[in-house]
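Undergrad: Numbering-wise, my numbering comes out as the position in the sequence shown, counting from 1, plus 753.
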Amino acid sequence: MSTSLDHATRAQARVALVSEAGSTPSGARPRVAIVTCAEIPLLEDDDRLVLPALAALGVDAEPVVWDDPDADWSSYDLVVLRSPWDYAQRHDEFLAWAAGVPRLVNPAETVAWNTDKRYLAELAAAGLPVTPTTFLAPGDPWTPPAGDVEYVIKPAVSAGSRDTGRYGPADKVQAVAHVRRLQAAGRITMVQPYLPAVDSYGETALLYFADPATGRLAYSHAIRKGPMLTGPDEGMDTLYKLEEITPRTPTAAERAVGDAVVATLPAGLVYARVDLIPDERGNPLLVELELTEPSVFMLHDAAAPTRLATAITWAL
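The following block contains the structure:
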């Protein structure tokens, strides 16, 4: 992970990065801001792949930190969210920022809905196969489930597996403490069963990018994420937990669920990620729908940078 840079150094590095991607100073080409956070001001390797892909399509793009006070968002033809991964710690501030940015992708109203995982209840009510989830408001009583079961506790507004833990029968005291800590901070807490298939099969993430021919999201590629949660939440001092990523061809059932999920979304979105884990019968369950700042894993599909760049260009 890149470290934070001072403003002058960041600006110099950004100029070099954009030049390397193949942009020109003509002013005739559209300008796109690729939004990141201060900890990774020049983007991660994966997101950086979209810069030359956009340049090849006649678009000048550069990384910009979302809370940079010197950023002039009105000077860009489009502002694309990619890695503002510190938003969960500053959720209200981030939503206010998003609402004030012209030409934001995905749109601010989508971001407001999607950054609170209570959207899962809406998708479940619409008949989609969603991991059973209990939401707890501050002050709500909660008792750990009885029996030999494992479960996951995390805040409804979260990113990068921060404040997330896996608990079992021997961890009830720690589980209650986790819930109470989140509630004391005024946060909505969510409790889900731990799906044991993730330990062997893993999690399938399906990526969708806008198809210019239809204006709707179309399947691009998929990856497998290995298991990440090993026990109770112990805190973390990094932006996110590292993931074990490999390419994956989704099953027909996974594609069907992914397609059904994105079919519920409005037209005009540029990207989406659908995360699935099988239940005990092998049926895919939705664990998360990422419409704000998902990793899109372009390093694992050679054509993905061009597909994303094409979707961004369409949104112009």
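Don't be surprised by glycine CBs; every beta carbon is placed ideally from N, CA and C.
What three-state label does DSSP hand G900 in the structure shown?
TA: coil
Undergrad: Using 8 Å as the cut-off, can you tell me whether the segment 964-974 makes contact with the segment 905-925, which would need three or more C-beta pairs spanning the two stretches below that distance?
TA: no
Undergrad: Taking the alpha carbon of L1001 as the point to measure from, which residue in P949, D1054, E1041 has its own alpha carbon closest?
TA: It is worth fixing the name first, because residue 1001 is Arg in this sequence and not Leu. When each option's Cα is compared against that of R1001, the closest is D1054.
Undergrad: Out of I793, V785, P860, G1035, point me to the one whose CA is closest to D825's CA.
TA: V785
Undergrad: Could you tell me the distance, in whole angstroms, from the CA atom of I787 to the CA atom of G892?
TA: 39 Å
Undergrad: Using only CA atoms, which one of A879, P794, P980 lies nearest to E996?
TA: P980
Undergrad: Does the Cβ-Cβ distance between V812 and P855 come in under 7 Å?
TA: By the CB criterion at 7 Å, V812 and P855 fall outside the cutoff.
Undergrad: From the DSSP output, read off the bridge partner residues of G1126.
TA: The requested residue 1126 does not occur in the structure, where the chain is confined to residues 754 to 1069.
Undergrad: Jot down the residue ranges of each uninterrupted beta strand (DSSP E) in the segment 993-1031, minimum 3 residues, whole runs only, in chain order.
TA: 998-1000, 1024-1031
Undergrad: Looking only at C-alpha atoms, which of A1057, A851, V932 sits nearest to D964?
TA: A1057
Undergrad: Is it true that the segment 1036-1047 meets the segment 865-883, where meeting means three or more beta-carbon pairs spaced less than 8 Å apart?
TA: yes
Undergrad: Comparing alpha-carbon positions, which option in W838, Q842, A861 lies nearest A849?
TA: In terms of Cα proximity to A849, the closest of W838, Q842, A861 is A861.
Undergrad: Use the C-beta contact count for A879: other C-beta atoms within 10 angstroms, 16 or more gives buried, fewer gives exposed.
TA: exposed
Undergrad: Does DSSP put A1055 in a helix, a strand or coil?
TA: coil
Undergrad: Going by DSSP in three states, I1065 sits in which element: helix, strand or coil?
TA: Here I1065 sits in helix by DSSP.
Undergrad: So, at 6 Å on beta carbons, what are the nonlocal neighbours of Y947 in its own chain, with the 5 sequence-adjacent residues on each side left out?
TA: E903, Y904, V905, R919
Undergrad: Suppose you measure from the CA of L1022 to the CA of P985; what does that come to, to the nearest Å?
TA: Approximately 36 Å between the Cα atoms of the pair.
Undergrad: For G939, count neighbouring Cβ atoms within 10 angstroms of its own Cβ and tell me buried if that reaches 16, exposed if not.
TA: So G939 counts as exposed.
Undergrad: Following the continuous beta strand (DSSP E) through A963, name the residue where it begins and the one where it ends.
TA: 956-964 is the extent of the beta strand (DSSP E) around A963.
Undergrad: Are L960 and V833 close, meaning C-beta to C-beta below 7 Å?
TA: no
Undergrad: So what's L802 in DSSP terms, helix, strand or just coil?
TA: It is coil, neither helix nor strand.
Undergrad: Since I believe L889 is in contact with Q936 (beta carbons under 8 Å), could you give me their beta-carbon distance rounded to a whole number of angstroms?
TA: Indeed they touch by this definition, with Cβ atoms about 7 Å apart.
Undergrad: Using three-state DSSP, classify P837 as helix, strand or coil.
TA: coil
Undergrad: Taking the C-alpha atoms as reference points, what is the distance between P837 and D901?
TA: 38 Å
Undergrad: Run through the segment 915-942 for me and flag every whole alpha helix (DSSP H) of 4 or more residues, listed as ranges in chain order.
TA: 925-937, all fully within the segment 915-942.
Undergrad: Just to check my reading of the structure: A1064 and F962 have Cβ atoms closer than 8 Å, yes? What is that Cβ distance to the nearest angstrom?
TA: 4 Å
Undergrad: CB A814 to CB T1059, shorter than 7 Å?
TA: no
Undergrad: Would D798 and M1051 be called neighbours here (beta carbons separated by less than 7 Å)?
TA: no
Undergrad: In the DSSP assignment, the beta strand (DSSP E) including A814 goes from what residue to what residue?
TA: 813-818
Undergrad: Anyone know if the C-beta pair for S911 and A841 falls short of 7 Å?
TA: yes
Undergrad: Taking a contact to mean a Cβ-Cβ separation below 7 Å, would you say V803 touches A1062 in this structure?
TA: Closer than 7 Å, so yes.
Undergrad: For L831, name the three-state secondary structure that DSSP assigns.
TA: strand
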